[in-house]
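Q: Residues in the sequence shown are numbered consecutively from 1, following full-length UniProt numbering.
Here a beta-carbon is modelled for each residue, glycine too, at the ideal position from N, C-alpha and C.
Here it is, the structure in full.
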Amino acid sequence: MSTPTLEKSSGAPEAAQSNDDHLITLTMRVRRFNPEVSDEVTWVDYELRMDPKERVLDALHKIKWEIDGTLTFRRSCAHGICGSDAMRINGRNRLACKTLLKDINPEKPITVEPIKGLTVLKDLVVDMEPFFQAYRDVMPFLITKGNEPTRERKQSAEDRERFDDTTKCILCAACTTSCPVFWNDGQYFGPAAIVNAHRFIFDSRDEAGEQRLEILNDREGVWRCRTTFNCTDACPRGIEVTKAIQEVKRALLTRRF
Ligand code: SF4
Ligand code: FES
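What follows is the structure in structure tokens.
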């Protein structure tokens, strides 16, 4: 295991040095894989001086910008909105941009690796295509038949509330890639696709609920869920993922939604 370090500038003025008092030294242990160079996976330790109030994403940026520009990961908004930087941090799926260093025990090496169950393309980047294919398969858009309205489609506050929780999904894949069923069977639709089906099945304006339920009645659909709650624990948006899956199962049995 190699340990690149970030050298401190020796000629720093005293005033600037005292401003560093709040910084701590920590180790980021990152899983590296570059198939263009080698088939081997390596774990590399990076020693950094960081403010514990900074985030894991800041530490990854520091590595990339100051130590090793080849480190590869996805991120865009840096504020928990785009869903692109889900990764396994200390063995748990989290968004790097929403995880403060002080909250994950920076006294021990912080392990960072890609989310599980999807093919790793390079370092922390996985192939998201199977995940998005499952999302597309549940038809995540409003479907209505005929009689195009000339005004907006109205909905009561109660009806809107019915699917409010599942509108919060940012498609980060933290839930699906924390699910043991998905790890063992990549064909399973997975929690995120079911959450996004739920968002439309329970929308009073939508008219394709039956169709979506039949799609999820498939052998790789909702019945594969073993209610382990990993998905609910992993969701950075606090969505009650397992509850949404249970509601879809119930709707399949009762055909009431
Ligand atoms: S349900 Fe939560 S964990 Fe799953 S994809 Fe959506 S935001 Fe991410
Ligand atoms: S970078 Fe957009 S959610 Fe983290």
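Relative to the C-alpha of residue 130, which candidate in 176, 239 and 225 has its C-alpha closest?
A: Taking the sequence shown and counting its residues from 1, the one referred to as residue 130 is at position 130. Out of 176, 239 and 225, 176 has the C-alpha closest to the C-alpha of residue 130.
Q: Going residue by residue through the segment 173–201, where are the continuous alpha helix (DSSP H) segments of at least 4 residues, counting only ones entirely within it?
A: Counting whole runs of 4 or more residues, the segment 173–201 contains the alpha helix (DSSP H) stretches 180–184 and 191–201.
Q: Can you list every residue whose CB sits closer than 7 Å to some heavy atom of the ligand FES, going in chain order?
A: Output, sorted by chain position: 57, 75, 76, 77, 78, 79, 80, 81, 82, 83, 84, 85, 95, 96, 97, 98, 170 and 172.
Q: How is the beta strand (DSSP E) around residue 42 delimited, first residue to last?
A: The residue you call residue 42 lines up with position 42 of the sequence shown. Unbroken beta strand (DSSP E) run through residue 42: 42–50.
Q: Please report how far the alpha carbon of residue 91 lies from the alpha carbon of residue 36, in whole angstroms.
A: The residue you call residue 91 lines up with position 91 of the sequence shown. The residue you call residue 36 lines up with position 36 of the sequence shown. Straight-line Cα distance between these residues: approximately 26 Å.
Q: Contact criterion: CB-CB distance below 8 Å. Does residue 119 meet it with respect to chain D?
A: No chain D appears in this structure, which consists of one protein chain only.
Q: Considering only residues of the same chain and omitting the five flanking positions on each side of residue 113, which have a CB-CB separation below 6 Å?
A: Along the sequence shown, read from residue 1 onward, the residue named residue 113 stands at position 113. Here the set comprises 31 and 88.
Q: Just list the residues that DSSP pairs residue 242 with in beta bridges.
A: The residue given as residue 242 occupies position 242 in the sequence shown. Answer is none; residue 242 lacks a bridge partner.
Q: If we require 3 or more residues per run, which beta strand (DSSP E) segments fall completely within the UniProt domain "2Fe-2S ferredoxin-type" (39–118)?
A: With a minimum length of 3 residues, the continuous beta strand (DSSP E) runs that stay inside the UniProt domain "2Fe-2S ferredoxin-type" (39–118) are 42–50, 86–89, 92–95 and 110–113.
Q: Does the distance between the C-beta of residue 237 and the nearest non-hydrogen atom of the ligand SF4 fall short of 7 Å?
A: Here residue 237 corresponds to residue number 237 of the sequence shown, with the count starting at 1. Yes, the beta carbon of residue 237 sits closer than 7 Å to at least one heavy atom of the ligand SF4.
Q: Quick one: is the Cβ of residue 197 within less than 7 Å of any heavy atom of the ligand ADP?
A: Within the structure as shown, the ligand ADP is missing, the only ligands being the ligand SF4 and the ligand FES.
Q: Rounded to a whole number of angstroms, what is the C-alpha to C-alpha distance between residue 116 and residue 172?
A: As a first step, residue 116 must be located in the sequence shown, where it is residue number 116. As a first step, residue 172 must be located in the sequence shown, where it is residue number 172. In a straight line, the C-alpha of residue 116 is about 13 Å away from that of residue 172.
Q: For residue 253, which of helix, strand or coil comes out of DSSP?
A: Numbered from its first residue, the sequence shown carries residue 253 at position 253. Helix.
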